[in-house]
Amino acid sequence: MENFFIIDGNSLINRAFYALPLLTNRQGVYSNAVYGFCNILTKLITEQGARKILVAFDMRAKTFRHKMYEEYKAGRKAMPDELFPQMAILKEMLSLMEIPYIEKEGFEADDIIGTLVQNKTTKNFIITGDKDSLQLISDNTEVLLTRKGISEIEKFDINHLNEVYGICPKQIVDLKALMGDSSDNIPGVKGIGEKTALNLLKTYQTVENLYANINEIKGKLQEKLIQDKEMCFLSKTLATINTNIGLDVDIDKIKIKFPFDEKVAEFFKRYEFKSLLNKENLFESNVETTQMKVIAKKIIKNNEQLDELICSLKNTKLFSLVISDDVHISDSKYLEYIVSIKKDLLGDGLDFGYFLEKIKPILEDENIKKILFDDKMSKYYFNDKNINLKGVIFDVMLADYLIKSGRRHVKNVKELCEQENYELDSCASLVFNCYKEYSEKLKSYDMDYLYNNIEFPLIDVLYEMEKDGFKLDLNMLKQLNNEYNNELISLNDSIVALAGSDFNINSPKQLANILFEKLGLPNLKKGSTNIEVLENLQNVHPIIDLIIRYRKIYKLNSTYIESYLEKLDKSNHLVHTMFNQTLTQTGRLSSTEPNLQNIPIREEEGRNLRKIFISRFENGKIISADYSQIELRLLAHFSLDPKLIDAFEKNLDIHATTASEVFNIPLEFVTSEMRRKAKAVNFGIVYGISEYGLSQSIHSSRKEAKEFIDKYFETYPKVKQYLESSIVFAKENGYVKTMFNRRRNIDELNSNSYNLKQFGERVALNMPLQGTASDIIKIAMIEISKEFKRQNLKSKLILQIHDELICDTFSGEEEIVEEILKNKMQNVVKLNVPLVVNISSGKNLFDAKD
13 MENFFIIDGN SLINRAFYAL PLLTNRQGVY SNAVYGFCNI LTKLITEQGA RKILVAFDMR
73 AKTFRHKMYE EYKAGRKAMP DELFPQMAIL KEMLSLMEIP YIEKEGFEAD DIIGTLVQNK
133 TTKNFIITGD KDSLQLISDN TEVLLTRKGI SEIEKFDINH LNEVYGICPK QIVDLKALMG
193 DSSDNIPGVK GIGEKTALNL LKTYQTVENL YANINEIKGK LQEKLIQDKE MCFLSKTLAT
253 INTNIGLDVD IDKIKIKFPF DEKVAEFFKR YEFKSLLNKE NLFESNVETT QMKVIAKKII
313 KNNEQLDELI CSLKNTKLFS LVISDDVHIS DSKYLEYIVS IKKDLLGDGL DFGYFLEKIK
373 PILEDENIKK ILFDDKMSKY YFNDKNINLK GVIFDVMLAD YLIKSGRRHV KNVKELCEQE
433 NYELDSCASL VFNCYKEYSE KLKSYDMDYL YNNIEFPLID VLYEMEKDGF KLDLNMLKQL
493 NNEYNNELIS LNDSIVALAG SDFNINSPKQ LANILFEKLG LPNLKKGSTN IEVLENLQNV
553 HPIIDLIIRY RKIYKLNSTY IESYLEKLDK SNHLVHTMFN QTLTQTGRLS STEPNLQNIP
613 IREEEGRNLR KIFISRFENG KIISADYSQI ELRLLAHFSL DPKLIDAFEK NLDIHATTAS
673 EVFNIPLEFV TSEMRRKAKA VNFGIVYGIS EYGLSQSIHS SRKEAKEFID KYFETYPKVK
733 QYLESSIVFA KENGYVKTMF NRRRNIDELN SNSYNLKQFG ERVALNMPLQ GTASDIIKIA
793 MIEISKEFKR QNLKSKLILQ IHDELICDTF SGEEEIVEEI LKNKMQNVVK LNVPLVVNIS
853 SGKNLFDAKD
């Protein structure tokens, strides 16, 4: 009996999409879901020997189930904009592989699959992530259920289904009839979960038999069953797969063409599926796939060979270095030196300590120039080895990030090798080659100033900030941790008492069971216990306020307090964040391990966390320097709008001024509510806010919001002209740029998806402003760091939070630090409006900010 593999196309591509990070080719076309799907497909072909394959798809049209129950699948999230265009790409790939796919209007993929497996001439395997298909299991049909995204598959036959659920395939529909299915919005019987449903089926086998013996059921359970009897039987019908929908398919003739031909190889090349192109035996022998670039290699495995290499490096002007299991060095793009490092006492190769001892003078020589993949992490690595790395002139990862901004850029050497089709043991040669190639590309993009004068010098500044760290008040940290833990215990006890049974409050499933089944609270969003649902239930039951409080304290304690305690250097009470320079699309820095850019500022308890951050110096101060409304000032600069420029030159309250203009009243009569609305518009305009978005922000009708936006643009007509010109430039060129020529590619503007195009337009509006603000504060950081060193100050620049710089200031240096911060930040660039910096200080971050 021949094996027949039937793939649930929508299920598999959805799982692949969410399992893999967003990937694009060099044209910016999303392809991660197709790539993941293809990996599963090629595994079936190569490992399972699959040759008879068919893919079933849902259609976007409503099915017969929608006609039966209008709410069927209501509330299901729309397909993400990044996934929608991949459906057509997937079908193109299947056609090139000569793998048939079927979709039928009025029916779902499940119905197609259910009909196909009725044939008895093949051994059928259904590949899906949807448990509905478990009802189709039979003597000749098994379900391969995808788990953990697409990385694992659980094989279900009749026996395994019984082991896991204690039921037979036909009872899957009875199970759904009772417990419902939130993913398809099948109602089921309100208040009955999986555990209760399975227990009922073990006794009564079917819902028909259950209702025939309903008098045997007692209490509230009987009430629930009787009340929702109609819904129960409707749910069973909705959950039942139609296995006879009439398909024009000749299963005997289904056979894929394998190995693949040149058309499939060209498809893989177009979407840059390089790992698939390099897999053996996927293609016919005459198909030319992209070949790995082969570099000559010289293995260094003894002291004599190492001495020769060291002598050569002393005389070279430039070399690249990559350390992995072995050490890779190259002084040209044609030859790779691989220093073989001994992995254990009995292994071959050189002792790593001896190698470091030999190469240390070269690494510390400023005159011998080095090319690295990641300069900052290399500094950490060699600092741990007591080596002061000098003479680095190029960071490949940083350049790759700038060149590809808005597209997929590499995060490690392995990704770089895969992207450029180099063998991993040729990584140093590739890094060497990238220096010339990327330098030329940066110059052609007019980004050489951005790279050489902003981003590359910033590496040293960030490295020093990370090493210096921020001191925390350990006693206060422990005190808060103790207070929060005690409150959590008390809250847990109170919640459990009100619930009437012990459960894990942090488990959404257990919490939903308590709220909606045991306590019978309104199930507003089938099984959801998110904050929106809880807030809507606050007046329904006293347990809700306690749960909201519990979640708030739990987050403060786990996300901040316990994270800080874990990361704190116990010897000096310093916490060292890591600044990521190559993450955001606008050039903004991000902070991790721990994130010190997200310290709460809105609620009092969150703000109190700022009291933990103190000066390392006796009687020292924390000084904060914050750019005032820098993005709005940049909007005035770029747009040249006279009214906006005039307001900033006169140092007027820009939000009150906008309110005065828009509401056509004197400035002194502007109310706080008017100012609040004007502020929402001022900042909303920068982000391309819609009428709907503004109406939600200022709690007005869409008509009022539209009138507000229209009036804003009447007041500042040059702003409208500038914003429209930004979108036109982006559409014509495929990117936008900052004052310092930082680019952001906006491939979304070419998308067929309306939502993605709208997103692209918002990026075109905001990125030049936010990106320029990022560039400006980075230049300020570099200049401030230089000035601190020039004046030999003990004070330290320790944190950047977007438009704000924070210094730990030595006692007696406060005035000079404030003067440096204000002078450098306000004069870092000449704009058509003044840059204004607000300076504040205190004994801790709370006092410096409030």
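Its first residue numbered 13, the sequence shown is counted upward by one per residue in our numbering. Ideal Cβ placement from N, Cα and C applies to all residues, glycine included.
Rounded to whole angstroms, the gap between the alpha carbons of D186 and T218 is 6 Å. Assignment of beta-bridge partners to M590 by DSSP yields T604. Leaving aside the five residues that flank S145 on each side, the residues in its chain whose CB is nearer than 6 Å to its CB run, in chain order, I138 and V155. Shown here, V334 sits in a strand according to DSSP, grouped into three states. Secondary structure note for G854: its beta strand (DSSP E) is the uninterrupted segment V849 to G854.
Sequence-distant partners of N15 (beyond 5 residues in either direction) whose C-beta falls short of 6 Å from its own C-beta, in its chain, are K135. By a beta-carbon distance limit of 8 Å, K345 contacts N445. Their separation comes to about 4 Å.
Burial of P606 is indicated by the presence of at least 16 other C-beta atoms within 10 angstroms of its C-beta.
Positions of the alpha helix (DSSP H) runs, each at least 4 residues long and wholly inside the segment 39-85, are given as 44-59 and 76-80 in order along the chain. Straight-line spacing of the CA atoms in E830 and I635 works out to 8 Å. For V404, the uninterrupted beta strand (DSSP E) segment begins and ends at V404 to D407. Within its own chain, the residues whose Cβ lies closer than 6 Å to the Cβ of S765, once the five positions on either side in sequence are excluded, are D93 and F96, listed in chain order. Excluding five sequence positions before and after V473, the CB atoms of its chain that fall closer than 8 Å to its own CB belong to M793, I794, S797 and L809, given in chain order.
Boundaries for L95: no alpha helix (DSSP H) harbours it, and the DSSP string shows neither H nor E there. Following the DSSP letters along the chain, one finds L128 inside the alpha helix (DSSP H) bounded by residues A121 to L128. With at least 16 other beta carbons inside 10 angstroms of its own, N778 counts as buried. Around the CB of Y413, 16 or more other CB atoms lie within 10 Å, so the residue is classed as buried.
In terms of CA proximity to I114, L128 leads the group L108, L128 and I101. Going by DSSP, S636 is part of the beta strand (DSSP E) stretching over K633 to Y639.
Taking C-alpha positions only, N51 is separated from K521 by approximately 32 Å. Residues I624 and I626 of the same chain have their beta carbon placed closer than 6 Å to that of D485, with the five preceding and five following residues left out of the count. Residue environment: G532 is assigned as exposed (fewer than 16 neighbouring CB atoms within 10 Å of its CB, all protein chains considered).
For K310, no alpha helix (DSSP H) encloses it; the enclosing beta strand (DSSP E) starts and ends at A308 to I312. In the DSSP annotation of this structure, the continuous segment of the alpha helix (DSSP H) that includes L833 starts and ends at E826 to Q838. Taking the Cα of N400 as reference, the smallest distance to any Cα among K448, Y475, L330 and H340 is reached at Y475. Looking only at D343, K281, E300 and M99, the smallest Cα-Cα distance to K310 is reached by D343. Secondary structure note for Y392: its alpha helix (DSSP H) is the uninterrupted segment D387 to D396. Annotation: the continuous beta strand (DSSP E) that includes H340 extends over V339 to S342. In this structure, the CA atom of N535 is about 6 Å from the CA atom of F528. Residue pairing of F29 in beta bridges, as defined by DSSP: absent, with no partner found. Excluding residues up to 5 positions away in sequence, L489 and N493 lie with their Cβ nearer than 7 Å to the Cβ of L577 in the same chain. Of all alpha-carbon atoms in K248, A509 and K483, the one lying nearest the alpha-carbon of T589 is that of K483.
The straight-line gap separating the alpha-carbon atoms of E292 and T301 is approximately 10 Å. Collapsing the DSSP output to three states places N757 in a strand. Among the bridge pairs identified by DSSP, Q812 is matched with L817. Judged by beta-carbon spacing, A785 lies beyond the 7 Å limit of V748, meaning their Cβ atoms are not closer than that value.
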